[in-house]
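Here is the structure we will look at.
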Amino acid sequence: MAPTRTRASHSASDSQAGETSLEVLGRRLTRMHEMFYCTTSLLNLGKETHGMDKQARTQFCQGSEKKQRLLGVLEALLALDPTVIQRTLTAPLDLRRVVNRDTGKSLSRGQSNGRSEDMRKMIKLMNDERVWSWGPLPGSIRCKGARGLNHEGCAYLLSPPSLDWEDQEVRANFLAGKTRPSGQQWPRLCWMGCEYNPAKPSEGLLYSDLLIEGGKGMLLSLSSVDNIAGAPGARGSGAKRKNNKGLAKRYNINRVTTSFIAYVVVCIRHALTSDTLFDEVSNGFNYPAFYDGIKQYLEAPSFASRATALLDWWNQKIFGDVYFGAEEPQDPQGCGTLAALLAEVEGEDDRGTPGSGVGEDAGDESS
1 MAPTRTRASH SASDSQAGET SLEVLGRRLT RMHEMFYCTT SLLNLGKETH
51 GMDKQARTQF CQGSEKKQRL LGVLEALLAL DPTVIQRTLT APLDLRRVVN
101 RDTGKSLSRG QSNGRSEDMR KMIKLMNDER VWSWGPLPGS IRCKGARGLN
151 HEGCAYLLSP PSLDWEDQEV RANFLAGKTR PSGQQWPRLC WMGCEYNPAK
201 PSEGLLYSDL LIEGGKGMLL SLSSVDNIAG APGARGSGAK RKNNKGLAKR
251 YNINRVTTSF IAYVVVCIRH ALTSDTLFDE VSNGFNYPAF YDGIKQYLEA
301 PSFASRATAL LDWWNQKIFG DVYFGAEEPQ DPQGCGTLAA LLAEVEGEDD
351 RGTPGSGVGE DAGDESS
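Shown next as structure tokens:
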């Protein structure tokens, strides 16, 4: 049997005291645009394309997948700080090297610190009885070694949905580490209620309450989940909602992005493992490949309508009605779970039925 669900928010301040504005931007780029960008490559691309308009920058990056990917991050950086590249190019000669070094260091520090802080938040969140619903609590951050395959509830959420959890031998082999999922096999935690329909893998995908509460914990606070999830019109709910909107405003974020959803999934997966430190590849699981696969699914033109509905649902769950639209789609690649999702769409095209890929209830909630 799957671990018994019991019902289950968070609390920690997203402190950025003493940080430079570039460090804060580094955090935002990491959360909302690209988790694994290279600061040096980003600044180099900015210098190479300085003075170009958006169309010229796009043409310049054609033919290089790496540059095309970084271009989106660069556009976001320039939208937030239009003169950041200009400052590195026009600083006095005797200071230019220092300005370039400090710019890169500040962005990198914000990226690293923001990622570490969000990982810690999610580790703490997993030990909150208001969120955790899969058997005994996993334990505090000091006991992270007891998570992962050492904790049946964590292991259940980490397992690929194709794994037959009811088969005792299959489960034992997974808990013993004999069956290791790759970054191309998305964990059960990605689906609503951990329920996976192999004939329609998009059904309930990323409509998970656990992911939503993780998103609230990052953008608002670890204490915000019950506040925002409270019944409309409940006594005191207006003040709580106003306070939480203020927290989101503090970081200048009023909507989620496809990248943010992928980021939340990565952080929560790491929080469930026994790994004390976050590595891009851990025990054979490739986090960048996992992150990329989710982004490719959400940003592929084939899935545009589903991604729009999903973004609306996340925005409503986190911000209520205080947000502005969704992010623009990009280009896909296919592998593992992503390949199954693409195959589902191809099958629908052959039948001439568009399909939304989510249950009717989820669709109603996003409208």
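Per UniProt numbering, the sequence shown runs over residues 1 to 367. Here a beta-carbon is modelled for each residue, glycine too, at the ideal position from N, C-alpha and C. Values in this document were obtained by computation on a predicted structure and should not be read as measured data.
(message) I need the straight-line Cα distance from LEU74 to LEU93, nearest angstrom please.
(response) 24 Å
(request) Taking only the alpha-carbon atoms, compute the straight-line gap between TRP313 and ALA76 and give it to the nearest angstrom. (result) 23 Å
(request) Tell me whether SER140 sits in a helix, a strand or coil according to DSSP, three-state version. (result) coil
(request) Verify whether the separation of the beta carbon atoms of TYR297 and LEU341 is less than 7 Å. (result) yes
(message) Give me, in chain order, the residues of the same chain whose beta-carbon lies closer than 8 Å to that of GLY148; leave out the 5 immediate sequence neighbours on both sides.
(response) CYS154, ALA155, LEU158, LEU272, THR273, SER274, ASP275
(message) Tell me the rounded alpha-carbon separation between CYS38 and GLU203.
(response) 34 Å
(message) Could you check whether the segment 178-191 touches the segment 80-96, counting it as contact only if at least three pairs of C-beta atoms, one from each stretch, sit closer than 8 Å?
(response) no
(message) For a quick check, are the C-beta atoms of SER112 and GLU23 less than 7 Å apart?
(response) no
(request) Report yes if the CB atom of PRO181 is closer than 7 Å to the CB atom of PRO160, and no otherwise. (result) yes
(request) Consult DSSP for PHE278 and reduce its assignment to one of helix, strand or coil. (result) coil
(request) Can you tell me which of the three DSSP states TRP314 falls into? (result) helix
(request) Please report how far the alpha carbon of ARG142 lies from the alpha carbon of THR58, in whole angstroms. (result) 46 Å
(request) Report back the beta-carbon spacing between VAL265 and ASN315 to the nearest angstrom; my notes put them in contact at under 8 Å. (result) Actually they do not touch by this definition, with Cβ atoms about 17 Å apart.
(message) Given this structure, state the Cα-to-Cα distance separating ARG87 from ARG31, to the nearest angstrom.
(response) 24 Å
(message) Strictly by DSSP, which residues pair up with TRP191?
(response) LEU205
(request) Have a look at GLY193, MET192, LYS295, MET218 and flag the residue whose alpha-carbon is nearest the alpha-carbon of ARG115. (result) MET218
(message) Here's a check: name, in chain order, each residue in its chain whose Cβ is nearer than 6 Å to the Cβ of THR20, leaving out the five neighbours to either side.
(response) SER106
(request) Classify PHE36 as helix, strand or coil using the three-state DSSP reduction. (result) coil
(request) Using only alpha-carbon positions, find the residue among LEU78, ILE123, GLY145 that is nearest to GLY51. (result) LEU78
(request) Leaving out five residues on either side along the sequence, give the residues of the same chain with a beta carbon under 7 Å from the beta carbon of ALA91. (result) VAL99
(request) Determine contact between the segment 39-50 and the segment 64-72, defined as no fewer than three beta-carbon pairs at a distance below 8 Å. (result) yes
(request) Under 6 Å Cβ to Cβ from MET122, same chain only, skipping five residues before and after it: list those, please. (result) GLY214, CYS267, ILE268, ALA271
(request) Please specify which runs of the beta strand (DSSP E), each continuous and at least 3 residues long, are wholly inside the segment 72-147, giving them in chain order. (result) none
(request) Check whether the Cβ atoms of ILE294 and ALA339 lie closer than 7 Å to each other. (result) no
(request) Within its chain, find whatever has a CB closer than 8 Å to the CB of THR179; leave out the 5 residues flanking it on each side and keep chain order. (result) LEU163, VAL170, ASN173
(message) Tell me the DSSP secondary structure of ASN44 in three-state form.
(response) helix
(request) Look at the alpha carbon of ASP189 and the alpha carbon of LEU45, and state the distance between them as a whole number of angstroms. (result) One detail in the question is off: residue 189 reads as Leu in this sequence, not Asp. Approximately 36 Å, taken between the alpha carbons.
(request) Grab me the residues of GLU195's own chain with a C-beta within less than 7 Å of its C-beta, minus the 5 sequence neighbours each way, in chain order. (result) GLY204
(request) With a threshold of 16 other CB atoms inside 10 Å of the CB of ALA176, please say whether the residue is buried or exposed. (result) exposed
(message) Under DSSP, the alpha helix (DSSP H) around ASP292 begins and ends at which residues?
(response) 287-299
(request) Please name the residue in LYS66, SER140, ASN283 whose C-alpha comes closest to that of LYS124. (result) SER140
(request) Give a yes or no on whether the C-beta atoms belonging to LEU310 and LEU220 are separated by under 7 Å. (result) no
(request) Would you mind giving the Cβ-Cβ distance between SER299 and ALA289, rounded to the nearest angstrom? I have them listed as a contact below 8 Å. (result) First, the amino acid is wrong: residue 299 is Glu here, not Ser. Actually they are not in contact, since the Cβ atoms of GLU299 and ALA289 sit about 15 Å apart, beyond 8 Å.
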